[in-house]
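*Asks:*
In our numbering, the protein residues as written are 301 to 355.
#1: Express the C-alpha separation of residue 303 and residue 345 in angstroms, rounding to a whole number.
#2: For the ligand SAH, is there any heavy atom lying closer than 7 Å to the beta carbon of residue 346?
#3: Could you name the residues of the same chain whose beta carbon sits closer than 7 Å to that of residue 316, not counting the 5 residues immediately before and after it, in chain order?
#4: If you draw a straight line from the C-alpha of residue 332 to the C-alpha of residue 324, how long is it?
#5: Give me, in chain order, the residues of the same chain whose beta-carbon lies closer than 8 Å to that of residue 313; leave out the 5 immediate sequence neighbours on both sides.
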């Protein structure tokens, strides 16, 4: 999907983690990797510019 979006000139950030279950971020209280990812995601969301039509 990221390749397709990039081909459409969409700004894409892809982060792949290996040897973790597909829902591993919900285990943020047990897996340090999950906490790290949620913290990084929080920073990414804060950097995404808002649009004028958001309410």
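All C-beta atoms, glycine included, are put in the ideal place defined by N, C-alpha and C.
*Replies:* Concretely, from the data shown:
#1: In the chain shown, the residue the question calls residue 345 occupies position 45. In the chain shown, the residue the question calls residue 303 occupies position 3. Here the C-alpha atom of residue 345 lies approximately 21 Å from the C-alpha atom of residue 303.
#2: In the structure on display, the ligand SAH does not appear, and there are no ligands present to speak of.
#3: Here residue 316 refers to the residue found at position 16 when the chain shown is read from its first residue. Excluding sequence neighbours, residue 316 sits near nothing in its chain.
#4: Reading the chain shown from its first residue, position 32 is the one you call residue 332. Reading the chain shown from its first residue, position 24 is the one you call residue 324. In a straight line, the C-alpha of residue 332 is about 10 Å away from that of residue 324.
#5: Mapped onto the chain shown, residue 313 falls at position 13. Once the five neighbours on either side are set aside, the close Cβ partners of residue 313 are 344.
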